[in-house]
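Top line first, the protein sequences correspond to chains A and F.
Residue 259 in the UniProt record's numbering sits at position 259 of the first sequence; the count goes up by one each step and never skips.
Residue 275 in the UniProt record's numbering sits at position 275 of the second sequence; the count goes up by one each step and never skips.
Beta carbons are placed, not taken as given, at the ideal position from N, Cα and C, and that holds for glycine.
Just below is one structure, and these are the notes that go with it.
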Amino acid sequence: MWRLIATRLAAFVPTVLATSLVLFVTVNVVPGSAAKAALGIDATAQAIARFEHEQGLDRPLHVQYLDWLGKAVRGDFGTSFQNHLPVGPELVSRLPVTLELAILAFLIANAIAVPLGALAAYHHQQRLDSVISVFATVLGAVPSFWLATVLILILALTVKVLPAGGYVPFAENPAKNVSLFIMPALSLGLVSSALLLRVMRAKMIEVLSSDYIHTALAKGAAPNVVIWRHALQNALITFLTVGAVEFGWLFGGVVIIEDIFLLPGVGQLVLVGIINRDYPVLLASALTVTVVVLAANMVVDLVAAVLDPRQVHARSRA
Amino acid sequence: MSVQLAQRERHWVGRSAVHWRRFRLLLIGGCLVGLVVLSAIFADVISPYSPYDIDVAIKLQPPNRAHWLGTDEFGRDVLSRVIHAARISVKVAAVAVSVGLIGGGVIGIAAGYFGGPVDMVLMRFMELLFSFPAILLAIVLMAVLGTSILNAMTAIGIIFIPGFSRLARAATQDVLRQQYIEAAHTIGMSDVRILTREILPNIITPLFVEAMAAFAYAVLLESSLSFLGLGAQPPEPSWGNMLNTGRGFMDQAPWLGVVPGMAMLIGVLGFNLLGDGLRDVFDPRLREAA
């Protein structure tokens, strides 16, 4: 187990470094683009040259990258081209908003996917299975940003039970905070539950047809106990791995949802970076989202290994 | 005689039920995709009005006999705009999937066929691209490339490359284990000839099936980019930018937010079902598991 943790950590660091390199090169690949973005397209060649010298953009790309990386490791992501404020503290203040949204959405997705997937599997090829499968197929095709719009129309504008958008910190007003997060989390969570539900159903069908389940039932174990205690536990391990990938999707999806619901998270910062062509902001926020997704994948991988020790042995044999 | 007839009838009904179960996804998906693709091709013919004609006197009209899906904030016919927007979605999806298919196919085949360091370098890079959330990568690429339909096609296409490359590599490695490849090497066939005459025809089916499934995601990504103002630019209609504009008028004209979303749902659902249906037909193992 410790070896697995060490291996995964050893792989995590180079992956983060490589993603940071790809993002840095992508953003800086067009010469002069950062200066033009900051000064406007009408900027003179002299102004561009002065700006590039001030920002250190006239140095070779690898020198710029190493300089940026060295500072980023210490939490210094530079200053915004627009408001000249440091990007690091801005990120730190926005990260909890995004994490709260992603975690709530993930919980909603799982709360729908696990019981419905298990139920569909237990009633495999019966009417209930068909109904749940059609529900998952249609839900999987719904764009989250459209669902968000429809939810606002129904819950905020028509029934008027929830606020259409905005943000209040949890510490300041917990009830208001939760009410503001319900619709954004539902928009992401409902769509995300579709894939998880299909995975859960498929895995449960596989587990329920295995010998040890038949043996347990033959020995007189109650079906409920067999499903929820024996089958579900095994199905959840595969489910968890897919769940990590889905968490990555959720975290990517927050960019649009935060914009719709006016949530001041990292996703909104990515958009601010793009709209203002503020490259330090864009680079730092995009890297933060990517690193959180990679970290979530790594943690889930380790949790799955703890739950299913066969994975550890399989990996050590490989 | 009547017993035989009844048996034949029951057999026919049973066989039809099996066929229906087997092909229902393909059929439903095909119909929905047909609707979207035909709308895109014949948009100029079937649209009741021009999607660009402004008439502020009839702005924000609810659905009525003259304008079946109502009018927008400039008095433009929403139905005509939704139909023309299908063209953008299909065009972007087709080009993006082709970019992903060709790029990923070439990389995957090269990695699978040559193996060793070529495989290692190419696939590590693909894994790296895979580690970014797709929509985030698309947004960053659009920020760098600039906002236009062509750049949206390129950005979405780049996102698809890693997925196609993994599939092409695995399929190539499967084919390489076959005896006829060994025979081809033995008779002195060149690498290019083996790749084009022996390997490519044998891996094209899974790639094609994956391409159909990728279409749905491409439609969704294009709509997301246009929604954020990074794809199709107004007044050119796109489901994404129509929805983005429409949500500003949700309290007065809810159809502006609902209609483009329904169109997106039909497009994405259609391509999803078609992809699933093709997979069921071409891969019997998956069909049995479902």
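| Item | Value |
| --- | --- |
| Reduced DSSP secondary structure (H/G/I, E/B, other) of F/Pro235 | coil |
| Residue nearest to residue 335 of chain A in terms of C-alpha spacing, selected from A/Leu155, A/Leu119, A/Thr149, A/Leu153 | Outside the displayed range of chain A (1 to 318) lies residue 335 of chain A, so it cannot be described from this structure. |
| Buried versus exposed, by CB contacts within 10 Å (16 or more), F/Phe42 | exposed |
| Proximity test, Cβ basis, 8 Å: F/Ser39 and chain A | no |
| Status (buried if at least 16 other CB within 10 Å, exposed otherwise) for residue 324 of chain A | Because chain A is modelled from 1 through 318, residue 324 of chain A falls outside the range shown and cannot be assessed. |
| Min CB distance A/Ala286 to chain F below 8 Å | yes |
| Nearest neighbour of residue 319 of chain A, chosen from A/Leu66, A/Ser187, A/Val289, A/Asp278 [CA to CA] | In the structure as shown, chain A begins at 1 and stops at 318. Residue 319 of chain A is therefore absent and cannot be evaluated. |
| Under 8 Å from the C-beta of A/Gly166: neighbouring residues of chain F | Residues of chain F passing the Cβ test: none, with the nearest at roughly 16 Å. |
| Which of helix, strand or coil DSSP assigns to F/Asp191 | helix |
| Residue closest to F/Val192, alpha-carbon to alpha-carbon, out of F/Pro51, F/Leu26, F/Asp72, F/Ile109 | F/Ile109 |
| Which listed residue (A/Gly273, A/Leu307, A/Asn297) has its alpha carbon closest to that of F/Leu140 | According to the sequence shown, residue 140 of chain F is Val rather than Leu. Checking every option, the nearest Cα to that of F/Val140 belongs to A/Gly273. |
| From A/Ile213, A/Leu190, A/Thr238, residue whose alpha carbon lies closest to that of A/Met200 | A/Thr238 |
| Exposure label - F/Trp255; buried when at least 16 CB within 10 Å | buried |
| Residue nearest to A/Lys36 in terms of C-alpha spacing, selected from A/Asn177, A/Asn276, A/Ala295 | A/Asn276 |
| Contacting positions in the region 18–37 of chain A - beta carbon closer than 8 Å to chain F | Ala18, Thr19, Val22, Leu23, Thr26, Val27, Val29, Val30, Ser33 |
| A/Val289 beta carbon less than 8 Å from that of A/Val266 | yes |
| 6 Å Cβ shell around A/Arg198 - same chain, five flanking residues per side excluded | Ala136 |
| DSSP state of A/Pro86 mapped onto helix, strand, coil | strand |
| With 16 other Cβ atoms within 10 Å as the buried cut-off, status of F/Ala57 | exposed |
| Cβ-Cβ distance between A/Gln46 and A/Leu57 below 8 Å | no |
| Coarse secondary structure for F/Thr71, derived from DSSP in three states | strand |
| C-beta neighbour in chain F for A/Trp249, strict 8 Å | yes |
| Bridge partners - A/Asp259, DSSP secondary structure assignment | According to DSSP, which records beta bridges pairwise, A/Asp259 is partnered with nothing at all. |
| Three-state secondary structure (DSSP) of F/Thr154 | helix |
| Minimum Cβ-Cβ distance from A/Ala141 to chain F less than 8 Å | yes |
| Per-residue burial, F/Met120 [other beta carbons within 10 Å of its own, 16 or more giving buried] | exposed |
| Whether F/Ala214 touches F/Val95 by CB criterion (8 Å) | no |
| Where F/Asp77 sits in the DSSP three-state scheme | strand |
| Any 3 or more C-beta pairs closer than 8 Å across the region 131–147 of chain F and the region 71–83 of chain F | no |
| 7 Å Cβ cut-off: residues of chain A touching F/Asp251 | Leu157 |
| Segments of 4+ residues assigned as alpha helix (DSSP H) that fall wholly inside the region 123–151 of chain F | 134–145 |
| Chain A contacts from the region 82–112 of chain F (Cβ-Cβ distance under 8 Å) | none |
| A/Val16 and A/Leu294 closer than 8 Å at C-beta | yes |
| Below-8 Å beta-carbon distance, F/Ala152 vs any chain A residue | no |
| Contact under 8 Å by Cβ, A/Ala148 with A/Pro184 | yes |
| Alpha-carbon to alpha-carbon, A/Val245 and A/Asp301 | 11 Å |
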